[in-house]
Every structure is written in C-alpha cells, then in structure tokens.
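In the UniProt record's numbering, the protein residues as written are 1 to 62. Even for Gly, the Cβ is constructed at its ideal location relative to N, Cα and C.
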C-alpha cells in the first residue's frame, strides 16, 4: 500500500463507505474495497497512536 497521510486515508475510507451505501460495488469490488478499508483503518490508528505518543512526550517534557 502506498503510504498516504491521515487526511487522504480518511477521504479514501469515506469514498469506500459512500460507494457501499449506494450499492455501487459488485461482489468482487466489495472484497477488494473492504480489504483496502481495513488497511486504511490500520494506517489511521497507527498515525493517531504516533501523534498521541508525540503529544504525551511533549507534555511530559515541560
């Protein structure tokens, strides 16, 4: 997976959800899009955790 920033990952997730809600995905596309969504969620969690760790470190250094 190409590394994307947090905002782009969220945008891609929103697009996947919209396509699913509108019924625009066939069965094969749905599987690949769900896999992509899982990767994006994992990426977002990782980025949020990293950001939280950095903030906590900065606050504890004061």
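Tell me which same chain residues have a C-beta within less than 7 Å of the C-beta of residue 47, skipping the five on either side of it? The answer, listed in chain order, is 6.
Helix, strand or coil: how does DSSP classify residue 24 here? The DSSP-derived three-state label of residue 24 is coil.
Find the nearest neighbour of residue 14 within the set 26, 33, 52, 3, judged by alpha-carbon distance. Residue 33 is the option with its Cα nearest to residue 14.
Between residue 53 and residue 45, what straight-line distance do the alpha-carbon atoms span, to the nearest angstrom? Taking the straight line from one Cα to the other gives about 12 Å.
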